[in-house]
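Enquirer:
In this note's numbering, the protein residues as written are 315 to 465.
1) Applying the criterion that 16 or more other CB atoms from any shown protein chain within 10 Å of the CB defines a buried residue, is residue 346 buried or exposed?
2) Using only alpha-carbon positions, find the residue among 387, 400 and 391 that is nearest to residue 407.
3) Would you mind reading off the limits of the beta strand (DSSP E) that contains residue 375?
4) Cutting at 8 Å between CB atoms, please list the residues of its own chain near residue 328, excluding the five before and the five after it.
5) Taking C-alpha atoms, which residue in 438, 350, 373 and 321 lies nearest to residue 393?
6) On a CA-only basis, which of 341, 326, 319 and 349 is nearest residue 332? Give me that one, please.
7) Thinking C-beta only, is residue 405 closer than 8 Å to residue 381?
8) Please classify residue 461 as buried or exposed, where buried requires at least 16 other C-beta atoms within 10 Å of its C-beta.
9) Which residue's Cα is closest to the Cα of residue 319: 353, 402, 330 and 344?
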(Lines of atoms letter the chains of each structure in order from A and count residues from 1; the text may use other names and numbers.)
(Lines give C-alpha, C1' and ligand atoms only; values in the text may rest on other atoms or scores of the structure.)
Protein backbone atom coordinates (compact mmCIF):
# COMPACT_ATOMS: atom_id res chain seq x y z
CA UNK A 1 0.00 0.00 0.00
CA UNK A 2 1.28 3.44 -0.92
CA UNK A 3 1.81 5.69 2.12
CA UNK A 4 -0.70 8.48 2.55
CA UNK A 5 0.06 11.96 1.29
CA UNK A 6 -0.06 14.23 4.31
CA UNK A 7 -0.33 17.96 4.91
CA UNK A 8 -0.51 19.80 8.21
CA UNK A 9 -0.19 23.50 8.91
CA UNK A 10 -1.08 26.23 11.36
CA UNK A 11 -1.61 29.43 9.40
CA UNK A 12 -2.65 33.05 9.85
CA UNK A 13 -4.25 33.33 6.40
CA UNK A 14 -7.79 32.23 5.42
CA UNK A 15 -8.32 28.49 4.98
CA UNK A 16 -9.49 26.88 1.74
CA UNK A 17 -11.89 23.96 1.49
CA UNK A 18 -11.05 23.72 -2.22
CA UNK A 19 -7.34 23.31 -1.44
CA UNK A 20 -8.09 20.61 1.13
CA UNK A 21 -10.41 18.74 -1.21
CA UNK A 22 -7.96 18.96 -4.12
CA UNK A 23 -5.13 17.64 -1.94
CA UNK A 24 -7.01 14.62 -0.58
CA UNK A 25 -8.67 13.72 -3.90
CA UNK A 26 -7.24 10.43 -5.09
CA UNK A 27 -8.24 8.14 -7.97
CA UNK A 28 -7.90 5.08 -5.70
CA UNK A 29 -10.33 6.55 -3.16
CA UNK A 30 -14.04 5.94 -3.16
CA UNK A 31 -14.57 8.27 -0.20
CA UNK A 32 -13.47 11.77 0.68
CA UNK A 33 -14.46 13.39 3.96
CA UNK A 34 -13.78 17.09 4.53
CA UNK A 35 -14.77 18.73 7.81
CA UNK A 36 -14.82 22.47 8.41
CA UNK A 37 -15.15 24.27 11.70
CA UNK A 38 -16.17 27.90 11.51
CA UNK A 39 -16.73 30.75 13.94
CA UNK A 40 -20.34 30.80 15.11
CA UNK A 41 -22.21 33.87 16.31
CA UNK A 42 -22.92 32.62 19.82
CA UNK A 43 -21.26 30.78 22.68
CA UNK A 44 -22.97 28.28 24.94
CA UNK A 45 -21.16 27.59 28.24
CA UNK A 46 -19.86 24.03 28.26
CA UNK A 47 -22.04 23.22 25.23
CA UNK A 48 -25.03 22.85 27.58
CA UNK A 49 -28.21 23.12 25.49
CA UNK A 50 -30.29 24.90 28.15
CA UNK A 51 -27.58 27.37 29.18
CA UNK A 52 -27.80 31.03 28.25
CA UNK A 53 -26.01 31.71 24.99
CA UNK A 54 -23.92 34.84 24.53
CA UNK A 55 -23.61 36.67 21.24
CA UNK A 56 -20.08 36.47 19.88
CA UNK A 57 -18.50 39.17 17.71
CA UNK A 58 -15.41 37.15 16.76
CA UNK A 59 -12.57 34.99 18.03
CA UNK A 60 -8.82 35.21 18.47
CA UNK A 61 -6.85 31.98 18.23
CA UNK A 62 -3.45 31.80 19.88
CA UNK A 63 -0.95 29.00 19.61
CA UNK A 64 1.96 27.57 21.56
CA UNK A 65 4.29 28.15 18.61
CA UNK A 66 7.09 25.81 19.52
CA UNK A 67 4.80 22.83 20.01
CA UNK A 68 1.54 23.19 18.08
CA UNK A 69 2.84 22.49 14.56
CA UNK A 70 4.86 19.49 15.77
CA UNK A 71 1.83 18.12 17.63
CA UNK A 72 -0.38 18.55 14.57
CA UNK A 73 2.19 16.90 12.28
CA UNK A 74 2.53 13.96 14.68
CA UNK A 75 -1.25 13.58 14.80
CA UNK A 76 -1.53 13.47 11.01
CA UNK A 77 1.25 10.86 10.90
CA UNK A 78 -0.59 8.86 13.58
CA UNK A 79 -3.78 8.87 11.52
CA UNK A 80 -1.84 7.59 8.50
CA UNK A 81 -0.37 4.80 10.62
CA UNK A 82 -3.63 3.81 12.35
CA UNK A 83 -5.60 3.71 9.10
CA UNK A 84 -3.12 2.34 6.52
CA UNK A 85 -5.67 2.38 3.67
CA UNK A 86 -6.08 6.15 3.94
CA UNK A 87 -4.71 7.75 0.78
CA UNK A 88 -4.36 11.41 1.84
CA UNK A 89 -4.77 13.56 4.97
CA UNK A 90 -5.11 17.34 5.30
CA UNK A 91 -5.21 19.31 8.55
CA UNK A 92 -5.01 23.09 8.85
CA UNK A 93 -5.93 25.36 11.73
CA UNK A 94 -6.04 29.12 11.51
CA UNK A 95 -4.69 31.49 14.14
CA UNK A 96 -5.18 35.20 14.70
CA UNK A 97 -8.41 37.22 14.63
CA UNK A 98 -11.39 35.56 12.95
CA UNK A 99 -14.83 36.98 12.16
CA UNK A 100 -18.18 35.21 12.31
CA UNK A 101 -18.34 32.45 9.63
CA UNK A 102 -14.56 32.43 9.04
CA UNK A 103 -13.10 28.94 8.81
CA UNK A 104 -11.03 28.06 11.88
CA UNK A 105 -10.12 24.47 10.97
CA UNK A 106 -10.27 22.24 7.90
CA UNK A 107 -9.47 18.54 7.94
CA UNK A 108 -9.80 16.06 5.10
CA UNK A 109 -9.26 12.35 4.60
CA UNK A 110 -9.62 10.12 1.57
CA UNK A 111 -9.67 6.33 1.47
CA UNK A 112 -11.05 3.53 -0.68
CA UNK A 113 -14.07 3.11 1.63
CA UNK A 114 -16.31 5.57 3.50
CA UNK A 115 -16.17 3.87 6.92
CA UNK A 116 -12.42 4.41 7.09
CA UNK A 117 -12.65 7.99 5.81
CA UNK A 118 -15.31 8.92 8.38
CA UNK A 119 -13.56 7.14 11.25
CA UNK A 120 -10.14 8.61 10.49
CA UNK A 121 -11.59 12.09 9.90
CA UNK A 122 -13.54 12.04 13.16
CA UNK A 123 -10.48 10.88 15.09
CA UNK A 124 -8.39 13.59 13.43
CA UNK A 125 -10.66 16.52 14.34
CA UNK A 126 -11.48 15.23 17.83
CA UNK A 127 -7.83 14.59 18.69
CA UNK A 128 -6.71 17.89 17.15
CA UNK A 129 -9.18 19.77 19.38
CA UNK A 130 -8.05 17.83 22.46
CA UNK A 131 -4.26 17.84 22.01
CA UNK A 132 -2.94 20.61 19.76
CA UNK A 133 -2.12 23.65 21.94
CA UNK A 134 -4.37 26.25 20.29
CA UNK A 135 -6.59 28.46 22.44
CA UNK A 136 -9.53 30.65 21.51
CA UNK A 137 -10.58 33.94 23.02
CA UNK A 138 -14.25 34.79 22.48
CA UNK A 139 -15.09 38.45 21.98
CA UNK A 140 -18.65 39.07 23.08
CA UNK A 141 -20.94 41.36 21.09
CA UNK A 142 -21.91 43.37 24.19
CA UNK A 143 -18.24 43.87 25.08
CA UNK A 144 -15.79 41.85 27.07
CA UNK A 145 -14.16 38.55 26.28
CA UNK A 146 -13.65 35.04 27.61
CA UNK A 147 -11.13 32.22 27.23
CA UNK A 148 -13.28 29.03 27.14
CA UNK A 149 -11.92 26.25 29.29
CA UNK A 150 -10.34 28.57 31.85
CA UNK A 151 -13.26 28.63 34.29
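No residue lacks a Cβ here, since even glycine has one placed at the ideal position from N, Cα and C.
Expert: In terms of the structure at hand:
1) buried
2) 387
3) 368-377
4) 408, 416 and 417
5) 438
6) 349
7) no
8) exposed
9) 402
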